[in-house]
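A.B. asks:
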Amino acid sequence: MKRNLIAVAVLLSLTLVSCGGGGPTTNIDVTLTDFQFQPNQYIVPAGQEITLNSANNGAVVHNFVIMELGTTAGPMFDDEDVPNVYWEVELQPGGSTETSFTAPTEPGEYEVVCRTEGHIASGMTGKLIVVPAQE
Ligand SMILES: [Cu+2]
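Going by numbering that gives the first Met the number 0, the sequence shown opens with residue 0, and the numbers climb by one from there.
1. Does T71 have its Cβ less than 9 Å from a Cβ in chain B?
2. Nearest CA to the CA of N62: which residue from D33, L68, E108?
3. Helix, strand or coil, according to DSSP, for N26 in the structure here?
4. Can you tell me the Cα-Cα spacing of Q133 and L127, whole angstroms?
5. Taking 8 Å as the cut-off, does the CB of M123 come closer than this to any heavy atom belonging to ligand 1?
6. Using the Cβ count rule (16 or more neighbours within 10 Å means buried), how would you classify E110?
7. Leaving out the 5 sequence neighbours to the left and right, which residues in its chain are closer than 8 Å to A147 when beta-carbon positions are compared?
8. How long is the line joining the alpha carbons of T24 and R114, rounded to whole angstroms?
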């Protein structure tokens with residue numbers, strides 16, 4: 000009897016952990032600061048319409064830039080990185096916006112950066128994790 004109770008307790012805690020971990024979402028809320036994305040990791044289903052609510056709480060212009068799969072802006076975003084941009088939105092200081100984009104159809108980890116000069120080096124990077132959409 001006691002053993003059964005322990006098993007139930009373990010199952011329950013596992014369930015809570017998996018719920019709290021956060022699965023794929025079609026709604027991203029992100030705050031841009033000087034110089035971070037909060038949060039900086041987003042899990043989305045492939046090919047779905049994603050709503051991005053973003054706010055710039057910083058004192059300078061920030062961008063939310065998704066790079067193409069397999070590409071990276073490296074330590075600094077420059078002209079040669081422009082063709083590798085999958086999608087982006089720019090936010091003025093104090094600004095906020097609701098926009099949307101279609102998640103890439105190919106699952107994988109996509110780099111997210113702020114393209115404003117020097118911001119990658121200051122830590123403005125994130126990760127868009129695209130997972131297969133549920134049937
Ligand atoms: Cu920035």
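A virtual CB, placed ideally from N, CA and C, is assigned to each residue, including glycine.
Predicted, not measured: the structure shown is a model, and the values here were computed from it.
C.D. replies: Concretely, from the data shown:
1. Within the model displayed, chain B is absent; a lone protein chain is all it includes.
2. D33
3. strand
4. 17 Å
5. yes
6. buried
7. Nothing about residue 147 can be reported from this structure: the residues present for the chain run from 0 to 134 only.
8. 25 Å
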